[in-house]
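Here the structure comes first, spelled out in structure tokens, and everything after it is commentary.
Put into structure tokens, the structure is as follows:
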């Protein structure tokens, strides 16, 4: 389960990604230049990668905290 701060950050990140994807859809609908579309795809992928890394880091920190509290047993 995510703590409230982590949850709020994750939801904010997902909303930004959602906006990027909607922008990408508009670009495709409007026949934007291929290079511009590829740049937007790259931005979306970067945001997803960053979010995934952040979530993994948070989970590792939580597990280390639990491990430390129980003395490594």
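Numbering (this note's numbering), first residue to last: 542 to 614.
Backbone N, C-alpha and C define an ideal beta-carbon position, used for all residues, glycine too.
Just so you know, these numbers come straight off a predicted model, no measurement behind them.
Option nearest residue i by Cα separation, candidates the options
i           : options               : result
residue 591 : 554, 547 and 546      : 554
residue 561 : 548, 589, 612 and 603 : 589
residue 550 : 609, 604, 611 and 596 : 596
Per-residue burial, residue i [other beta carbons within 10 Å of its own, 16 or more giving buried]
i           : result
residue 581 : buried
Residue i versus residue j - alpha carbon distance
i           : j           : result
residue 579 : residue 585 : 10 Å
residue 606 : residue 599 : 11 Å
residue 567 : residue 593 : 25 Å
residue 569 : residue 552 : 26 Å
residue 556 : residue 608 : 33 Å
residue 571 : residue 563 : 12 Å
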